[in-house]
Amino acid sequence: MPPTPETSPDAAGTARRRAAPLAPEDRRAAIVEAVMPLVAERGADVTSRELADAAGVAEGTLFRAFGDKACLIGEVALTGLLRASDPAVARADLGAIDGRLPLVDRVRQVIERGQRRSEEAVAWVMVLRFLYGKEGPDERDHGHRERAQEMRSRLIAQQETRRTVVEEALERVLAQELDRLRVPIEVAVSLIEAATAHHRPGLERMGPPLPADVLADALVHGIVGEKRSPDHDVLDNHDWPNAEYAGDEAAAHHSEEV
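Residues 1 to 258, numbered by the UniProt record's numbering, are exactly what the sequence shown covers, in order.
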């Protein structure tokens, strides 16, 4: 007798799949993964229907898994921020730079890769800022608040590790040039890191970011060259910004951060 729909292999396979639903945590992770490209493109300006379609589930499934749309988008943004700040990614990214390239090209690639990661992280920060402002996740969803706090703690620890990884990678990039550096290597590393900071929230009012090749050229020709005499006091011969102005600028910048 030919197999009926109930006894066919396809039907049996479907029944088995339905009999083994995802655990709640796995279900949330799968939904986050599925909707991340949509949220990256649209930010918080996306509907529950669009999120459900992207995840291939009913809207009710989203609400059972996350409570509401804001909780889902918040978890997506925190996950994206964690990935953008992943030390392993930074290590691989900077480690792939060809050490045989001229210094200016190596520095340009460092800046380009750093700016790309910075832009990605800033995009997720802006989603979180739009969702919560300075209030944080809604206290009505205690489970989401706990997950968000856990992810923030991971992010803080991860950023510390990432900074160390980036500094070590930059020191390797500059290692061949130690005899040419006119500033300590720690200063050169800090200058290169600062070249990516123009993409952070609050700095856009200072003007559009400079192209990586322009920054690299300016940095390289500023950090290599004839060594300065140790007794040459640069500070006395430099027209530094007014201290009060610099303090006001720093305070304004920090007040804008999430």
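All residues carry an ideal CB built from backbone N, CA and C; glycine is no exception.
Coil, strand or helix - residue i by DSSP
| i | result |
| --- | --- |
| residue 181 | strand |
| residue 196 | coil |
| residue 131 | helix |
| residue 74 | helix |
| residue 147 | helix |
| residue 100 | coil |
| residue 210 | coil |
| residue 190 | helix |
| residue 46 | coil |
| residue 87 | helix |
| residue 95 | helix |
Burial state of residue i, where buried means 16 or more other Cβ atoms lie within 10 Å
| i | result |
| --- | --- |
| residue 85 | buried |
| residue 205 | Unreliable placement is indicated for residue 205, whose pLDDT of 49 sits below 50; no coordinate value is reported for it. |
Pairwise C-alpha distance: residue j and residue i
| i | j | result |
| --- | --- | --- |
| residue 87 | residue 114 | 12 angstroms |
| residue 156 | residue 150 | 10 angstroms |
| residue 35 | residue 63 | 14 angstroms |
| residue 122 | residue 161 | 19 angstroms |
| residue 54 | residue 167 | 39 angstroms |
| residue 111 | residue 132 | 31 angstroms |
| residue 98 | residue 104 | 12 angstroms |
| residue 40 | residue 58 | 21 angstroms |
| residue 212 | residue 61 | 44 angstroms |
| residue 220 | residue 176 | 13 angstroms |
| residue 90 | residue 76 | 21 angstroms |
| residue 235 | residue 196 | Low confidence applies here, because residue 235 scores a pLDDT of 36, under 50, leaving its location unreliable; read the following figure in that light. If I take the Cα positions, the gap works out to 25 angstroms. |
| residue 190 | residue 106 | 16 angstroms |
| residue 120 | residue 21 | 33 angstroms |
| residue 32 | residue 94 | 28 angstroms |
Delimiting residues of the alpha helix (DSSP H) encompassing residue i
| i | result |
| --- | --- |
| residue 31 | 24-42 |
| residue 61 | 59-66 |
Query raised in the report: Okay, do the stretch 46-63 and the stretch 113-128 touch, 3+ Cβ pairs below 8 angstroms being the bar?
Result: Fewer than three Cβ pairs drawn from the stretch 46-63 and the stretch 113-128 lie within less than 8 angstroms of each other, which leaves the two stretches out of contact.
Query raised in the report: Does the pairing of the stretch 64-71 with the stretch 26-35 give three or more beta-carbon distances under 8 angstroms?
Result: Judged by Cβ distances under 8 angstroms, the stretch 64-71 makes contact with the stretch 26-35, as three or more pairs qualify.
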